[in-house]
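See structure below.
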Amino acid sequence: MNPKECANLISHQSEDDPDLFNYVTTSIEEEETFHFLGFEFLHRLNIVQIQNDITRAREDIFRNRSAGADREKLKTLLADYTTAIRNYNYVHQNQRLDPQTLAIRKQRLKAAFPSMTTSFRATRPFESHYYSLLHDGAGSKPDMLRDKLRHWLPARLTYSSEERRFRSKEFDEGRSPREISDFVDNLVRLSIALVAGAFLIGPMCVMSIRPSLTKNLITASVCTILFAAGLSLGVKSSNVETLVATATYSAVLVVFVGSSMGSVNQI
149 MNPKECANLI SHQSEDDPDL FNYVTTSIEE EETFHFLGFE FLHRLNIVQI QNDITRARED
209 IFRNRSAGAD REKLKTLLAD YTTAIRNYNY VHQNQRLDPQ TLAIRKQRLK AAFPSMTTSF
269 RATRPFESHY YSLLHDGAGS KPDMLRDKLR HWLPARLTYS SEERRFRSKE FDEGRSPREI
329 SDFVDNLVRL SIALVAGAFL IGPMCVMSIR PSLTKNLITA SVCTILFAAG LSLGVKSSNV
389 ETLVATATYS AVLVVFVGSS MGSVNQI
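Pasting the structure below:
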């Protein structure tokens with residue numbers, strides 16, 4: 149790098165320092181959640197470059213029939229390759245921003261660093277994937293019922309006391325919480341218990357009124373299908389748990405059909 153290029157670089161850095169300081173200060177004061185760029189192209193470029201260097205090193209080893217050729221360089225390349233893949237994977241494990249938040253973040257960066265926006269038009273510096281760091285326990289996605297309720301219910305019911313303290317700005321703005329509060333969790337449990345009771349009592353009442361074999365079989369079949377659909381779509385469970393619960397429910401209905409028809413035949 150020649151002296152002129154060094155001077156230009158130092159000049160850009162000195163110009164960006166106030167903007168950088170103001171942006172970070174505003175971010176800390178107004179935003180509990182920090183968003184960052186993924187730099188997808190650069191991550192992939194880095195991995196592929198190291199990958200090609202390792203391929204060349206392997207070719208040299210096989211061509212020269214020497215396993216000890218430049219071991220230090222090989223160790224460094226393999227370590228860099230593993231680190232690059234680990235870093236790329238770590239970035240992708242974080243939460244991607246939704247389109248609305250993504251647009252707001254881009255506008256804030258462009259407004260905070262106008263010199264970069266005008267000087268680096270060729271690379272479009274703020275056009276990339278954006279992520280936010282996952283909080284503890286955010287790796288697992290909640291089931292559909294809990295996820296819908298935390299978006300639909302008022303913030304005062306869906307925020308836990310801890311999240312309300314650390315995300316006070318989002319709470320005041322009425323944004324959806326990240327965590328599932330105890331109220332939402334208990335409400336879902338109660339709803340599932342009531343629906344499960346209704347799925348048992350309802351068909352039994354229907355089959356008890358003027359019972360017939362055809363009517364009871366149709367009722368049991370329809371209710372089993374509805375139960376399986378609701379369990380699969382509304383509750384987060386494994387395939388085995390869904391199969392066992394559906395089989396148990398259908399077995400209860402079949403037993404009731406058999407006992408009710410036996411009573412009818414005795415009459």
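Take any residue in the sequence shown, note its place counting from 1, add 148, and you have its number in this note's numbering. Each residue gets a CB set at the ideal place from its N, CA and C atoms; glycine is no exception. If you're wondering where the values come from, they're calculated on a predicted model, not measured in any experiment.
Per the coordinates, the alpha-carbon of lysine 223 lies some 26 angstroms from the alpha-carbon of histidine 240. Serine 276 is positioned such that its CB atom lies closer than 9 angstroms to that of phenylalanine 189. Bridge partners of leucine 361 according to DSSP: none are assigned. Within the same chain, Cβ atoms closer than 6 angstroms to the Cβ of glutamate 311 are found at Pro325, Glu327, the five residues on either side in sequence being excluded. In the DSSP assignment, leucine 250 falls within the unbroken alpha helix (DSSP H) covering 247-260. Under DSSP, leucine 185 shares a beta bridge with Tyr278. For the set His183, Pro302, Ile202, the Cα lying nearest the Cα of aspartate 218 is the one of Ile202. Counting the other Cβ atoms within 10 Å of the Cβ of histidine 299 gives fewer than 16, which makes it exposed. When rounded, the separation of the alpha-carbon atoms in isoleucine 366 and proline 351 is 10 angstroms. If you look at aspartate 218, you'll find it isn't in any alpha helix (DSSP H); DSSP assigns it neither H nor E.
In this structure, the beta-carbon distance from arginine 272 to alanine 303 does not fall below 9 angstroms. About 7 angstroms separates the Cβ atoms of glutamate 178 and lysine 317, confirming a contact at the 8 angstroms cut-off.
Ranking Gln248, Phe187, Ser263 by CA distance to the CA of asparagine 235 puts Phe187 first. Taken through DSSP and simplified to helix, strand or coil, arginine 206 comes out as helix. Residue pairing by DSSP places arginine 244 opposite Tyr279 in a beta bridge.
Secondary structure of tyrosine 307 (DSSP, three-state): coil. By the Cβ test, the segment 251-267 is in contact with the segment 167-175, since at least three Cβ pairs between them sit closer than 8 angstroms. Serine 385 and leucine 379 do touch by the CB rule: their CB atoms are close to 7 angstroms apart, below 8 angstroms. In terms of Cα proximity to asparagine 237, the closest of Arg192, Val354, Thr396, Thr249 is Arg192. Per the Cβ contact rule, the segment 357-376 is in contact with the segment 397-410 (3 or more Cβ pairs under 8 angstroms). With fewer than 16 other beta carbons inside 10 angstroms of its own, threonine 230 counts as exposed.
Inclusion of methionine 292 and leucine 361 in the CB contact set at 9 angstroms is not warranted, their separation being larger than that value.
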